[in-house]
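Notes to accompany the following structure.
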Amino acid sequence: MTYTPKRWASLGLGAALLGTTSLTACGDKNEPVHAEAPVAAPAAAPAAMAGEGGEGGTEGGAMGGMADMQTLPVDKRIAFMSGHVAAGLALFRAGAPDQAARHLLHPVSETHAAERAGIDALGFDAAIFEKVSADLAAGKSAEEIAPELDAAEANIALLQQNANADPVGQIDFLMDTCISEYKVGVVNGEIVEAGEYQDAYGFAVTARDIAKRIDKPEAEAVVMELELLVRMWPSNGPLAESIPAPVNEIAAQVSRVKLELSDLR
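Per the working numbering, the very first residue in the sequence shown carries number 26; after that it's consecutive.
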């Protein structure tokens, strides 16, 4: 029997997110889905990651987070890296290779070298990401690059598999980082740092995918809340020209994820 939280059942959304019906945004495809649900207390941005910065123009913040990256457990660093790659893949598949490039370069960027400490032994293949970055810069077609993107995705999956991860801890970390990045990326209802807005999406996607691999009935509630979080970005991807969901709605949904996640501890 499928485990469905009471809130989802009352909203009629549990079945939708389990695939029996569809949940789509109304209006333009660049508009996010809005969660019509009781608002939970917003999640606080984590002190360690606040201002970490992505590739959207806040490199000072990124450098400020280096000390934290050096002490962060390897499974969380891999989750963080995975989020950037997930954002890049989504943007490339949305037809925005120029926006995708900065995220797909993240795993081999010198700026983010601290993240890579110790991951070579887990199967990290830097050459894959260097090739993807070079081919994107050269303007190669989607058909030419597709096999390399598949290889990049597979390499990230291998790292996650070999990391001896704590999935609940990874998801909790990704939620903190997601809302932290979103608050940098979206200010007063507008996208001011596209890189951070896109990174937040990637962290939500990565958290959802990790939750799907947890073999416990209670994990279904976490998957559903994460699926709704992902769908709060436009269906065609986190493009820079998107209309963003309000920060407080994203924060409230992150809090719902954390609430369901607490049942897995």
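Cβ coordinates follow ideal geometry from the N, Cα and C atoms, glycine included. Remember, predicted model here, so these are calculated numbers, not experimental data.
Counting the other Cβ atoms within 10 Å of the Cβ of residue 123 gives fewer than 16, which makes it exposed. Note: residue 216 is bridge-paired with 211 in the DSSP secondary-structure output. A distance of 8 Å or more separates the beta carbons of residue 286 and residue 204. Spatial neighbours of residue 173 in its own chain (CB-CB distance under 7 Å, excluding positions within 5 residues in sequence) are listed in chain order as 153, 156, 157, 160. Using a Cβ distance threshold of 8 Å, residue 279 and residue 200 count as a contacting pair. DSSP, read as helix, strand or coil, puts residue 280 in helix.
Shortest Cα-Cα distance from residue 98 to any of 134, 185, 222, 262 involves 185. DSSP places residue 108 within a helical segment (H, G or I) once states are collapsed to three. As the crow flies, the alpha-carbon of residue 138 is around 33 Å from that of residue 274. Here residue 155 carries a helix assignment [DSSP, helix/strand/coil].
The Cβ atoms of residue 216 and residue 270 do not sit closer than 8 Å to each other. Pairing residue 227 with residue 108 gives a Cβ-Cβ distance under 8 Å. Of all alpha-carbon atoms in 148, 231, 162, 237, the one lying nearest the alpha-carbon of residue 125 is that of 162. About 6 Å separates the beta carbon of residue 255 from that of residue 233, a gap short enough to meet the 8 Å contact definition. Residue 119 and residue 219 have their C-alpha atoms roughly 15 Å apart. One alpha carbon belongs to residue 252, the other to residue 237, and they sit about 10 Å apart. In this chain, the alpha helix (DSSP H) harbouring residue 181 covers 167 to 187. Rounded to whole angstroms, the Cβ separation of residue 148 and residue 187 is 6 Å, and the two are in contact under 8 Å.
The residue from 214, 276, 133, 281 with its alpha-carbon nearest to that of residue 103 is 133.
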